[in-house]
Amino acid sequence: MPLVGFVLLTAGNAFFVAAEFALVTVDRPEIDRRAAAGDGAARTVRRALHELSFQLSGAQLGITITALLTGYLAEPALARIFAPALHPLGPAADRFTPFLALALATLLSMLFGELVPKNLALARPMPTALATARGMRGFSRAFGWLIRGLNNSANTLVRRLGVEPQEELASARSPEELGLLAAISARAGALPPDTAMLLRRTIRFGDKRAAEAMTPRVDVIALRATASVAELLTLAQHTGRTRFPVFEETLDLVTGVAAVPDALGVPLANRARTTVASVAREPVYVPESLDLDGVLAALKAADADLAIVVDEYGGTDGVVTVEDLVEELVGEIADEFDPDAVDDGGPVELTVPGGERTVLVDGVLREDELVEQTGFRLPEGPYETLAGFLMARLGHIPVAGETVEEGGYEFTVIEVERHRIEQVRVLRPEEPGDDA
């Protein structure tokens, strides 16, 4: 009879362990969906999740009770089973039997009462939670007074430590957790890589600043206020751009933004003598520190496609367009007007002699883009882009052909224009087994 009790108590311990792990790992949205569809067990699980601390305390109480009773019954029951086998040892058998019985009872209880139900609940949380829901509900009701008393005492001690106890787990996830979840889902094959990339970029969108998405000042194509509409149209034909900042004296004095559609509205005969200032629209200014959500809101409020990015001193730092914001989500957008564009808007894969795989990237890549395209993370330093890192390592503005090695990566400057590093070839470290 004690042996039967040991088996039943081990099963009871397994029940409480499975219920505990299932409650903390079950998919809550799926429980809500099933409960809304009329699943009674799912509704019970949902109620338990709303009082999770109470339910987990109940499971712990059940585990404690069954573990104590298991130890009380198992040792004498198993000792009687081992006694005949150890009888030849004589008086020594009386000393060895209790230890052997206790060791076996602990092993069986740990294996079948703890580890097996825990692993089962982690592998199949939904069916485990549904199967144990009503039993846990009944136990919690029967011993509710004791569970609440113990739980309240524990909460009092926790508050003394300066921490406010929580009745249920927070279901919200931080942006970092969501991004990590998207990456894990892509690696597991649950999400297409492109979809996972879009999700991660969307999550990071609001954390980026105007300075990170803008076209820097040195690359801004602008027109003096005295330039003619005809000059604007000619410039548009050569550059493929449709909007140009209009300035007086220097680019720090932007007075408007001239667009091709407005210029085309000027009669052909008047275009040579009509200034761009007369067709320019009021410029939209955004600080370089403004997040991209704010930049997008400013552009929408002004019904504009281009904003002037200004630094803390009021000087022009660059321009940011709607296309720049879209590219922060989907990556580089190549069109017929981008002279150096590649078909897929991503890094160019090159095969160099010896079979080494390299990547050709822009020198102005920021760290997040560099990690995304090459796997290399910029070391700490006074720079924000790959070009800044290379200039810091070399100590001067490089010329084409100069090389920097860092962390197993080799960076070769391919093109420099107007003191700016345009393109860099990145040679990544060999993967283990590449020479096999």
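Residue numbering for the sequence shown follows this note's numbering, starting at 24 and increasing by one per position.
Every residue gets a Cβ at the ideal spot worked out from N, C-alpha and C, and that includes glycine.
Secondary structure within the segment 218–303: the alpha helix (DSSP H) runs of 4 or more consecutive residues, fully enclosed, are 233–236, 252–262, 283–287 and 299–302 (chain order).
Assigned with DSSP and collapsed to three states, P216 falls in helix.
The continuous stretches of beta strand (DSSP E) do not include P150, which lies in the alpha helix (DSSP H) extending over residues P148 to A165.
In the three-state scheme derived from DSSP, where H, G and I count as helix and E and B as strand, L388 is classed as coil. Assignment of Y95 by DSSP, reduced to helix, strand and coil, places it in the helix class. DSSP places R443 in the uninterrupted beta strand (DSSP E) bounded by R443 to L450.
Looking at the backbone, the Cα of N142 and that of T225 are separated by about 35 Å. The continuous stretches of alpha helix (DSSP H) do not include E425, and DSSP gives it neither H nor E. If you ignore the 5 residues before and after V309, its C-beta comes within less than 8 Å of the C-beta of A233, G317, V318, A321, A330, I331, V332, V333 and V343, all in its own chain and listed in chain order. Shortest Cα-Cα distance from A410 to any of R66, Q396 and E390 involves E390.
Counting the other Cβ atoms within 10 Å of the Cβ of R57 gives 16 or more, which makes it buried. In the structure shown, A327 falls within a coil segment according to DSSP collapsed to helix, strand and coil. Residue environment for L180: exposed (fewer than 16 other C-beta atoms within 10 angstroms of its C-beta).
For D285, the CB contacts under 6 Å within the same chain, skipping 5 residues up- and downstream, are V302 in chain order. Residue burial is scored here from C-beta neighbours: N36 has at least 16 other C-beta atoms within 10 angstroms and is therefore classed as buried.
Comparing C-alpha distances from E433 to each of E445, L383 and G167 shows the shortest one belongs to L383. The alpha carbon of L75 has as its nearest neighbour, out of L352, V47 and T435, the alpha carbon of V47.
Closest by C-alpha distance to A245, out of E272, L138 and A34, is E272.
Ranked by how close their Cα comes to the Cα of L79, the residues V40, R147, G161 and V283 have V40 in first place. Its chain contains N36, A37 and V40 as the residues whose beta carbon lies nearer than 8 Å to that of E137, once the 5 sequence neighbours on both sides are disregarded; these appear in chain order. By the Cβ criterion, the segment 279–299 is in contact with the segment 245–254, since at least three pairs of Cβ atoms, one from each stretch, lie closer than 8 Å. Spanning the alpha carbons of A156 and L348 requires a straight line of approximately 48 Å. When DSSP reads this structure, G185 sits in no beta bridge, so it has no partner. L383 carries a strand assignment under DSSP once its states are collapsed to helix, strand and coil. T381 places its beta carbon 8 Å or farther from that of V280. Spanning the alpha carbons of E428 and R451 requires a straight line of approximately 10 Å. If you ignore the 5 residues before and after G404, its C-beta comes within less than 6 Å of the C-beta of A415, all in its own chain and listed in chain order. Looking only at V307, T33, G354 and V439, the smallest Cα-Cα distance to D217 is reached by G354. In terms of Cβ geometry, G424 and V436 form a close pair [threshold 8 Å]. Using a Cβ distance threshold of 8 Å, S132 and T87 do not count as a contacting pair.
When C-alpha distances from G263 are compared across S251, A282, A250 and F270, the shortest belongs to A282.
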